[in-house]
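J.: Starting off with a structure, shown below.
Numbering (this note's numbering), first residue to last: 685 to 1151.
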């Protein structure tokens, strides 16, 4: 039997897990989700979802991976030989594929902005000029496909180097560079003229924004959308629910309890998200950009910030280099999950798994790209374009429902069971996972998630049914 690959250090595990969690979801997606859903009030909902839903599920994923020493392909069968949860084997793998169908495109945007910043093409404070440049890029499918292919090839080449020599070593450097860049940019953005309005929007909750609308039904619909979005964003930024964290759990030893490791990873991810907001929202109000501009926010707002900085062209280039690192770290982490699944499921070599999936991901990523140009007329009611649909499937369905399955597996006597989970989670040194939390984990989380799903889907059903 082939020996299980191992990470070289605890720091490598934390940085790799955080690297998978930290990426476009933190710096690209979180600010525009926050801007569209009420600013500071949404941030509180997001943090609440991280604490009461995200953190426990992350501990469970780590525990399932470490106890089974397998990826999602075999973990459930190893821990529950009666195979009652065997049906869930493919859930995470499908989620990873759908995630990469649009994530590789966004990562390609980050790479494309490096030469644009370096050449001075984006050296202007006029957001309309920058928006036109971004729109022009989206309208060119050949350019988008080219950058997407570069992202896929980089990700799979790193995975092909192996766990320690490739994935772990490169991710640690990427994360360190990103953190330094984001701290410097956050300080600079806070010092911009009129930044106080942006800070107030971001840091001072205005709960009236969560209940916008003329009727009670509209107000409850707005609130339901915000809570549903906060839950999806919490799972997205932590990369949980699709067995992404389980695979990293399978690569570590039992010298540390898993609650402390989950807190470290979730803490780093949350800190990056919050710092991203400190970059974006002061800049929005400083340069007259609407904070609810949507997915384009980072690509339209930040170049204006750089143009106001001393050496802004250099800083802008470095930022998008480091942002590409963040995007690639997530791509690498998800690729590793896919590759490990294939190796466990079919016994193929790492090289074969890398080659097959590189081609598959490139093909699957094309529809998202065409949705911005050739297929831009394809719209899904209540959701949006092709990228929005893929994001909705992953963030609001695959990841939360996958997290719910982990909860059921780790608490039910028909799965792995609470006692086995608790023993694994509390093996080693560090903070213990609380035994008294069983009632909340086993009953509270499932009920809360079902309620949030109902709240989130009611407005969409109203749109779909024309009500």
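Each residue gets a CB set at the ideal place from its N, CA and C atoms; glycine is no exception.
Since the structure is predicted, the reported quantities are computational estimates derived from the model, not experimental observations.
Using only CA atoms, which one of 825, 812 and 770 lies nearest to residue 796?
T.: Translated into the one-based positions of the chain shown, residue 796 becomes position 112. If we check each option's Cα against that of residue 796, 825 comes out closest.
J.: Relative to the C-alpha of residue 879, which residue among 973, 807 and 1023 is closest?
T.: Position 195 of the chain shown holds residue 879. The option with the nearest alpha carbon to residue 879 is 973.
J.: Find out if the Cβ-Cβ distance for the pair residue 960, residue 876 is shorter than 8 Å.
T.: Taking the first residue of the chain shown as position 1, residue 960 is located at position 276. Taking the first residue of the chain shown as position 1, residue 876 is located at position 192. Not in contact: residue 960 and residue 876 (Cβ atoms no closer than 8 Å).
J.: Would you mind listing the alpha helix (DSSP H) stretches within the stretch 883 to 954 that are 4+ residues and don't spill past its ends, in chain order?
T.: Listed in chain order, they are 900 to 922 and 928 to 933.
J.: When you compare only the Cα positions, how much space is there between residue 1065 and residue 971?
T.: Within the chain shown, residue 1065 is the residue found at index 381, counting from 1. Within the chain shown, residue 971 is the residue found at index 287, counting from 1. Rounded to whole angstroms, residue 1065 to residue 971 spans 32 Å at the Cα level.
J.: In angstroms with no decimal places, state the Cα-to-Cα distance between residue 812 and residue 1033.
T.: For the purposes of this step, residue 812 is taken as residue 128 along the chain shown, with counting starting at 1. For the purposes of this step, residue 1033 is taken as residue 349 along the chain shown, with counting starting at 1. If you take the alpha carbons of residue 812 and residue 1033, they lie about 50 Å apart.
J.: Is the CB-CB distance between residue 943 and residue 722 below 8 Å?
T.: Counting from 1 along the chain shown, the entry for residue 943 is found at position 259. Counting from 1 along the chain shown, the entry for residue 722 is found at position 38. No, the Cβ-Cβ distance between residue 943 and residue 722 is not below 8 Å.
J.: Compute the Euclidean distance between the alpha carbons of residue 956 and residue 1018, then round it to the nearest angstrom.
T.: For the purposes of this step, residue 956 is taken as the residue at position 272 of the chain shown. For the purposes of this step, residue 1018 is taken as the residue at position 334 of the chain shown. The alpha-carbon atoms of residue 956 and residue 1018 are separated by roughly 19 Å.
J.: Does the distance from the C-beta atom of residue 908 to that of residue 719 stay below 8 Å?
T.: For the purposes of this step, residue 908 is taken as the residue at position 224 of the chain shown. For the purposes of this step, residue 719 is taken as the residue at position 35 of the chain shown. Going by C-beta atoms, residue 908 is not nearer than 8 Å to residue 719.
J.: Beta-carbon separation of residue 926 and residue 709 under 8 Å?
T.: Residue numbering aside, residue 926 sits at position 242 when the chain shown is read from its first letter. Residue numbering aside, residue 709 sits at position 25 when the chain shown is read from its first letter. Going by C-beta atoms, residue 926 is not nearer than 8 Å to residue 709.
J.: Can you give me the Cβ contacts of residue 1126 inside the same chain, cut-off strictly under 6 Å, excluding the 5 residues immediately before and after it?
T.: Start at 1 with the first residue of the chain shown, and residue 1126 comes out as number 442. Taken in chain order, the residues that qualify are 1095.
J.: For residue 933 and residue 730, I'd like the C-alpha separation in whole angstroms.
T.: Walking along the chain shown from the start, residue 933 turns up at place 249. Walking along the chain shown from the start, residue 730 turns up at place 46. Their Cα atoms are separated by approximately 25 Å.
J.: So, with DSSP's three-state summary, where would you put residue 843?
T.: Here residue 843 refers to the residue found at position 159 of the chain shown. Reduced to three states, the DSSP call for residue 843 is helix.
J.: Which parts of the stretch 1064 to 1126 are runs of the alpha helix (DSSP H), unbroken and 4 residues or longer, counting only runs that do not cross its ends?
T.: List check, alpha helix (DSSP H) in window: 1070 to 1077, 1083 to 1095 and 1102 to 1109.
J.: From 821, 951 and 810, pick the residue whose C-alpha is nearest to that of residue 985; which is it?
T.: Taking the chain shown and counting its residues from 1, the one referred to as residue 985 is at position 301. Closest by alpha carbon: 810.
J.: Can you check whether the CB of residue 870 is closer than 8 Å to the CB of residue 1001?
T.: Position 317 of the chain shown, counting from 1, holds the residue named residue 1001. Position 186 of the chain shown, counting from 1, holds the residue named residue 870. No, these two residues do not count as a Cβ contact at 8 Å.
J.: Less than 8 Å between the beta carbons of residue 1070 and residue 1059, yes or no?
T.: Position 386 of the chain shown, counted from the first residue, corresponds to residue 1070. Position 375 of the chain shown, counted from the first residue, corresponds to residue 1059. Contact flag set, yes.
J.: For the candidate residues 1047, 1116 and 1150, whose alpha-carbon lies nearest to that of residue 789?
T.: The count along the chain shown starts at 1 and reaches residue 789 at position 105. For the residues 1047, 1116 and 1150, the minimum Cα distance to residue 789 belongs to 1047.
J.: In chain order, what residues of the same chain lie with their CB nearer than 6 Å to the CB of residue 832, ignoring the 5 residues before and after it?
T.: Locating residue 832 in the chain shown gives position 148, where the first residue counts as 1. Same-chain partners within the cutoff: 788, 789, 792 and 1049.
J.: With respect to the alpha helix (DSSP H) encompassing residue 990, which residues constitute its N-terminal and C-terminal limits?
T.: Mapped onto the chain shown, residue 990 falls at position 306. Element bounds for residue 990: 981 to 991.
J.: Just to confirm my understanding: we take residue 834, look at its own chain, exclude 5 residues before and 5 after, and list those with CB closer than 8 Å. What are they?
T.: Here residue 834 is taken as the residue at index 150 of the chain shown, counted from 1. Here the set comprises 792 and 795.
J.: If you reduce the DSSP assignment to three classes, tell me which class residue 809 lands in.
T.: As a working note, residue 809 is residue 125 in the chain shown. Note: residue 809 maps to coil in three-state DSSP.
J.: Apart from the five residues on each side of it in sequence, which residues of its chain come closer than 7 Å, Cβ to Cβ, to residue 996?
T.: As a first step, residue 996 must be located in the chain shown, where it is residue number 312. Same-chain partners within the cutoff: 990.
J.: In whole angstroms, give me the CA-to-CA distance for residue 1150 and residue 1103.
T.: Here residue 1150 refers to the residue found at position 466 of the chain shown. Here residue 1103 refers to the residue found at position 419 of the chain shown. One C-alpha to the other measures close to 48 Å.
J.: Express the C-alpha separation of residue 941 and residue 829 in angstroms, rounding to a whole number.
T.: The residue labelled residue 829 in the question sits at position 145 within the chain shown. The residue labelled residue 941 in the question sits at position 257 within the chain shown. So the alpha carbons of these two residues sit roughly 43 Å apart.
J.: Specify the secondary structure class of residue 772 as computed by DSSP and reduced to three states.
T.: Residue 772 sits at position 88 when you count from the first residue of the chain shown. Helix, per DSSP.
J.: Pair every Cβ in the stretch 911 to 924 with every Cβ in the stretch 725 to 739, then say whether three or more of these pairs are closer than 8 Å.
T.: At 8 Å Cβ cutoff, the stretches touch.
J.: By the three-class DSSP mapping on this structure, what secondary structure does residue 1142 have?
T.: Taking the chain shown and counting its residues from 1, the one referred to as residue 1142 is at position 458. Helix.
J.: Using only CA atoms, which one of 1024, 781, 866 and 814 lies nearest to residue 836?
T.: For the purposes of this step, residue 836 is taken as the residue at position 152 of the chain shown. Nearest C-alpha to residue 836: 781.
J.: Closer than 7 Å by C-beta to residue 1077: which residues in its own chain qualify, once you throw out the five before and the five after it? Chain order, please.
T.: Residue numbering aside, residue 1077 sits at position 393 when the chain shown is read from its first letter. Excluding residues within five positions, the ones whose Cβ falls inside 7 Å are 782.
J.: If we ignore side chains and look at the alpha-carbon of each, how far apart do residue 823 and residue 881 end up?
T.: Within the chain shown, the letter at position 139 stands for residue 823. Within the chain shown, the letter at position 197 stands for residue 881. If I take the Cα positions, the gap works out to 34 Å.
J.: For residue 999, which of 899, 753 and 872 has the nearest alpha-carbon?
T.: What you label residue 999 is simply residue 315 of the chain shown in a count that begins at 1. Checked all of 899, 753 and 872; the closest Cα to residue 999 is 872.
J.: What separation, rounded to the nearest whole angstrom, lies between the Cα atoms of residue 750 and residue 744?
T.: The residue given as residue 750 occupies position 66 in the chain shown. The residue given as residue 744 occupies position 60 in the chain shown. Going from the Cα of residue 750 to the Cα of residue 744 covers about 10 Å.
J.: So the alpha helix (DSSP H) residue 1056 belongs to, where does it begin and stop?
T.: The count along the chain shown starts at 1 and reaches residue 1056 at position 372. Looking at the DSSP string, residue 1056 is not in any alpha helix (DSSP H), and its letter there is neither H nor E.
J.: Is residue 800 near residue 817, with beta carbons less than 8 Å apart?
T.: If you number the chain shown from 1, residue 800 lands on position 116. If you number the chain shown from 1, residue 817 lands on position 133. Cβ distance < 8 Å, so residue 800 and residue 817 count as in contact.
J.: Applying the 10 Å Cβ sphere with the 16-neighbour rule, what's the burial state of residue 804?
T.: Against the chain shown, residue 804 aligns to sequence position 120. Burial call: exposed.
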